[in-house]
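*Asks:* Would you mind keeping the following structure in view while I ask a few things?
Residue numbers (my numbering), protein chains in the order written: chain A, 13 to 147; chain B, 733 to 934.
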């Protein structure tokens, strides 16, 4: 049975004619002009630049184009300050990650590593003192 | 399939313009679909103010997602109807804040002096009775009746809007028709009995 024939079956239902008569006598109200205006206004105010679909530079340009001059000058120092803080945070994080490599060595292990380094280079700097110390 | 949807959707250009904040494009879509959605919401909720809220919410959700709109997923009008339908379901499920529909509150004013005034009044009363019977239906049955009988959509369109199969829609319609017939017939019988009692008293 096709979809069209099913639709015709529905239209043959006596209740369908009854509803059509009643609908003509009691029409649904139209959307009010106030609601229309509110919806159209919301379209203007809720529009956003499609940041996810643009390269970062274009997205930033689109954003700054939409900003007024005063707001733009206000936001620029904030953006620069944010980048600076992010850089400092990155440096601090790098230091924290590097520090445990040294902290994990005992004094003896550290001395041994110096000794091996000196032997590898063929230098006799540590031969007398450090080798005795380690042994 | 996806390309066909994208090419055949007459609203896609308006949606793209709305994503850029074009109020004129928004106005065109509101003119095209506003009254239709209002009718669906009104028949579902039986209350004009609630229906206005639902339609506003549906459009505003569309505006917010216009920049991420993917035309290959569904026609714009289908999506808009689905949002409206789901908002109606949500509203109906809030049983504690269910609207008290007063029969006749939202019906058009009767015009005195018309030759067929009595017939109009009778039709209005029948409409009110049917609206009340409709409100007693389970929400999905009610939506099926509203879309197929009040909005006169094809079963295929209605099923697509409700995100169900045509067979499921047919089943909903059959159950709804049975319930409406029983409900309105019961009211007619009660009305006839009342008239007989009044006539007997006079």
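Ideal Cβ placement from N, Cα and C applies to all residues, glycine included.
Output yes or no for whether 8 Å exceeds the beta carbon distance between residue 904 of chain B and residue 872 of chain B.
*Replies:* Yes, they are a contact pair.
*Asks:* Kindly say whether residue 104 of chain A, judged by its beta-carbon, lies nearer than 8 Å to any beta-carbon of chain B.
*Replies:* No, its Cβ sits nowhere closer than 8 Å to a Cβ of chain B.
*Asks:* Using beta-carbon positions only, say whether residue 894 of chain B and residue 786 of chain B come within less than 8 Å of one another.
*Replies:* It is not a contact, given that the beta carbons lie outside the stated cut-off.
*Asks:* Give the residues of chain A in contact with residue 792 of chain B, contact being defined as C-beta atoms less than 9 Å apart.
*Replies:* Residues of chain A passing the Cβ test: 50, 51, 54, 55, 58.
*Asks:* Can you tell me whether residue 42 of chain A is helix, strand or coil according to DSSP?
*Replies:* If DSSP states are grouped into helix, strand and coil, residue 42 of chain A belongs with coil.
*Asks:* Below 7 Å between beta carbons is the criterion; list the residues of the stretch 870-883 of chain B that meet it against any residue of chain C, in chain order.
*Replies:* You won't find chain C in this structure, because its protein chains are A and B.
*Asks:* At what residues does the alpha helix (DSSP H) containing residue 746 of chain B begin and finish?
*Replies:* Unbroken alpha helix (DSSP H) run through residue 746 of chain B: 744-751.
*Asks:* Please report the straight-line C-alpha distance between residue 746 of chain B and residue 883 of chain B, rounded to a whole angstrom.
*Replies:* Cα to Cα, residue 746 of chain B sits roughly 24 Å from residue 883 of chain B.
*Asks:* Output, in chain order, the set of chain A residues within a Cβ distance shorter than 7 Å of residue 787 of chain B.
*Replies:* Near residue 787 of chain B (Cβ distances below 7 Å), the residues of chain A are 43, 47.
*Asks:* By Cβ distance below 7 Å, which residues in the same chain neighbour residue 819 of chain B in space, the five residues on each side in sequence not counted?
*Replies:* For residue 819 of chain B, where only same-chain residues beyond five positions count, the Cβ hits under 7 Å are 786, 789, 790.
*Asks:* What first and last residue would you give for the alpha helix (DSSP H) that runs through residue 770 of chain B?
*Replies:* Note, residue 770 of chain B: alpha helix (DSSP H), 755-777.
*Asks:* Rounding to the nearest angstrom, what Cα-Cα distance links residue 902 of chain B and residue 887 of chain B in this structure?
*Replies:* Approximately 8 Å between the Cα atoms of the pair.
*Asks:* Please go through the same chain and pick out, in chain order, the residues whose beta-carbon is closer than 8 Å to the beta-carbon of residue 770 of chain B, but skip the five residues on each side of it.
*Replies:* Hits under 8 Å: 783, 784, 787.
*Asks:* With H, G and I counted as helix, E and B as strand and the rest as coil, what does DSSP make of residue 868 of chain B?
*Replies:* Coil at residue 868 of chain B, not helix or strand.
*Asks:* Taking only beta-carbon atoms, is residue 815 of chain B less than 8 Å away from chain A?
*Replies:* No, residue 815 of chain B lies away from the interface with chain A (no Cβ there is under 8 Å from its Cβ).
*Asks:* For residue 812 of chain B, which three-state DSSP category applies?
*Replies:* In this structure, residue 812 of chain B counts as helix in the three-state DSSP scheme.
*Asks:* For residue 891 of chain B, report the span of its alpha helix (DSSP H) as first-last.
*Replies:* Start and end: 887-894.
*Asks:* Counting only C-beta atoms, is residue 97 of chain A closer than 8 Å to chain B at any point?
*Replies:* Taking Cβ atoms only, chain B never reaches closer than 8 Å to residue 97 of chain A, which makes this a no.
*Asks:* Could you give the residue range of the alpha helix (DSSP H) that holds residue 794 of chain B?
*Replies:* That run of the alpha helix (DSSP H) goes 780-796.
*Asks:* Taking 8 Å as the threshold (beta carbon to beta carbon), is residue 824 of chain B in contact with chain A?
*Replies:* It does not; no Cβ of chain A falls within 8 Å.
*Asks:* Who are the neighbours of residue 807 of chain B on chain A, taking C-beta pairs under 9 Å?
*Replies:* Those do not exist, as residue 807 of chain B stays about 17 Å from chain A at its closest Cβ, beyond 9 Å.
*Asks:* If you measure from the CB of residue 817 of chain B, is any heavy atom of the ligand GTP nearer than 7 Å?
*Replies:* Among the components modelled here there is no ligand, and therefore nothing to report on the ligand GTP.
*Asks:* Looking at C-alpha atoms only, which residue of B/773, B/772, B/761, B/744 is the closest neighbour of residue 48 of chain A?
*Replies:* Of the candidates B/773, B/772, B/761, B/744, the one whose C-alpha sits nearest the C-alpha of residue 48 of chain A is B/761.
*Asks:* Could you tell me the distance, in whole angstroms, from the CA atom of residue 30 of chain A to the CA atom of residue 909 of chain B?
*Replies:* In a straight line, the C-alpha of residue 30 of chain A is about 12 Å away from that of residue 909 of chain B.
*Asks:* Would a C-beta distance cut-off of 8 Å place residue 798 of chain B and residue 750 of chain B closer than the cut-off?
*Replies:* Yes.
*Asks:* Classify residue 741 of chain B as helix, strand or coil using the three-state DSSP reduction.
*Replies:* Coil.
*Asks:* Measuring straight from C-alpha to C-alpha, what distance separates residue 878 of chain B and residue 773 of chain B?
*Replies:* If I take the Cα positions, the gap works out to 9 Å.
*Asks:* Closest to residue 755 of chain B by C-alpha separation, out of B/779, B/795, B/744, would be which residue?
*Replies:* Considering only alpha carbons, the answer is B/795.
*Asks:* How many angstroms separate the CA atom of residue 743 of chain B from the CA atom of residue 876 of chain B?
*Replies:* Rounded to whole angstroms, residue 743 of chain B to residue 876 of chain B spans 25 Å at the Cα level.
*Asks:* By how many angstroms is the C-alpha of residue 97 of chain A removed from the C-alpha of residue 103 of chain A?
*Replies:* Each residue's Cα considered, the two are about 10 Å apart.
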